[in-house]
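Everything below concerns the one structure shown next.
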Amino acid sequence: MKFAHLADCHLGSWRQEELQRLNFQSFQKVIERCIQERVEFILISGDLFDSAYPPIEILKDSFAEFKKVHDAGIPVYLIAGSHDFSASGKTFLDVLEKAGFCKNVEDWEAEEDGRIKLKPHLHKDIAIYGYPGRKSGMEIEDLRKVYLSEMHPFTIFMIHTTIKDVIGTIPMDSIEKQKLPLANYYAMGHIHQPFEARESNSYYVYPGPTFPNNFQELADLNYGSFQLFEIQNGISRTQSIKIPLKEIAYVEIEIEDGLTATQKIIAEFDKLNLRDKIVLLKLKGTLKQGKTGDIHFNEIEDFVKKKEVYSFLKNISSIKIPESDFSTDSFPTENVENIERRILGEYSQKNPGDFTKHLPQLMTALSIEKNEDERSVIFEDRLLSELKNILKLSEII
Ligand SMILES: [Mn+2]
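Listed below in structure tokens is the structure:
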């Protein structure tokens, strides 16, 4: 018995066209490899798409890949992640399932005593259970109440969440793996980093994203990956498979002067062979003179283009400016999500009440955009049903 486990494909996530393409190619390679390896089935542990309503182009290409898997006779079992989840329960994963290209294995029942009973999907004598991810780690509370309805010779539990072992000391919501119901293989997603642990008869696996999703992940992981699991003559083993596509050139430069930084960076790049590589420029240091605005990034971009780079990304978030010079046009050192979370936290403290707990979900729901070609009524319906769900209103005018 052999199966493949992937997660966090985030199809449609990159803004840069060439990285978007690479993200998809990496997914294609994974699918190709799964077919070559003649796996018995494929597990996708959430965040297949970067949003619940991916762009048409991405859908078109994704469906073509799922068709290949389908024609090869390989079933795909999946759950929604924190990105392709929607409170209304309507996502493109449903469309994929209706087309017969996958089976969403989330199946549960809330019981009167507050416990959540999961029901398996059976693949021969293998039981596959699944519980979806939620925005902002909201699935963690639920997972503490979850139990599996039946015992099977081999049990797989698909979840999109954070287990404590993987984050170490980082203060972040997580669940202890001992709190999860007993299974043989925990097919996990959400943490964008390959991770594998074995304890007696259980494997805990994060396969890592099928392609890195941002500057830092490109720097840390270089490539995408997925996991293969095999049992042969009673012996089980797992293997992380890397998908190398383009070489990464990570260049860290310390600058002190915004006015001369452009030349310094270009001189540094001039020494390197950057051809067909993904170039990651990380700037750090404290500016004693000039501003980050004085760095001519367009000049730098023109230069690396001449060196035929595949893609060029920069990160200036580690540059410090002396405090006296601090002005509002400086760059943000904190990401938007963190700022929002902090402001919401402060607001909730000043305004205690039941409503505030809905705010993070409401903000996410209200940030959805009308799709191109989507009729306004349908968009409104989609929006309202999300809101109704969050606020648990059965009637809304
Ligand atoms: Mn993810």
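The numbering of the sequence shown is this note's numbering, which starts it at 435 and goes up by one. Cβ coordinates follow ideal geometry from the N, Cα and C atoms, glycine included. Please read all numbers here as calculations on a predicted model, not as lab measurements.
In the DSSP assignment, residue 789 falls outside any alpha helix (DSSP H), carrying neither H nor E. At least one heavy atom of ligand 1 is found less than 8 Å from the C-beta of residue 441.
In the three-state reduction of the DSSP assignment, residue 558 falls in the coil class.
When beta bridges are read from the DSSP output, residue 500 appears opposite no residue.
Taking 8 Å as the cut-off, one finds at least one heavy atom of ligand 1 near enough to the beta carbon of residue 623.
Assigned with DSSP and collapsed to three states, residue 491 falls in helix. For residue 694, the enclosing alpha helix (DSSP H) starts and ends at 692–704. Secondary structure at residue 685: strand, using DSSP grouped into helix, strand and coil. Taking 8 Å as the cut-off, the C-beta of residue 460 does not count as close to any heavy atom of ligand 1.
For residue 647, the shortest separation between its Cβ and any heavy atom of ligand 1 lies below 8 Å. The closest CA to that of residue 693, considering only 731, 814, 439, is found on 731.
For residue 658, the distance from the CB to the nearest heavy atom of ligand 1 is not below 8 Å.
Shortest gap from the CB of residue 496 to any heavy atom of ligand 1: 8 Å or more. When the beta-carbon positions are compared, residue 621 and residue 600 stay at least 9 Å from each other.
The beta carbon of residue 643 sits closer than 8 Å to at least one heavy atom of ligand 1. The way I'd put it, the region 483–492 doesn't touch the region 459–467; fewer than three beta-carbon pairs between them come closer than 8 Å. Residue pairing by DSSP places residue 749 opposite 716 in a beta bridge.
Counting C-beta pairs closer than 8 Å gives fewer than three between the region 494–506 and the region 674–693, which falls short of the contact rule.
Taken atom to atom, the span from the alpha-carbon of residue 667 to that of residue 604 is near 40 Å. Partner residues in the beta bridge of residue 672, as assigned by DSSP, are 663.
Around the C-beta of residue 706, fewer than 16 other C-beta atoms lie within 10 Å, and the residue is accordingly described as exposed.
Only residues of its own chain outside the window of five on either side were considered, and among them 745 have a CB closer than 6 Å to the CB of residue 452, listed in chain order. Our two residues, residue 439 and residue 479, have alpha carbons roughly 8 Å apart in a direct line. Distance check between residue 508 and each of 475, 778, 485 places 475 closest, using alpha-carbon atoms only. A distance criterion of 8 Å places the beta-carbon of residue 607 beyond contact range of ligand 1, judged by its closest non-hydrogen atom. Under the three-state reduction of DSSP, residue 533 is assigned to coil, being neither helix nor strand. For residue 726, the three-state secondary structure derived from DSSP is helix. Leaving aside the five residues that flank residue 582 on each side, the residues in its chain whose CB is nearer than 6 Å to its CB run, in chain order, 552, 563, 615.
The C-beta of residue 530 has 16 or more other C-beta atoms within 10 Å across all chains shown, which makes the residue buried. Taken through DSSP and simplified to helix, strand or coil, residue 797 comes out as helix.
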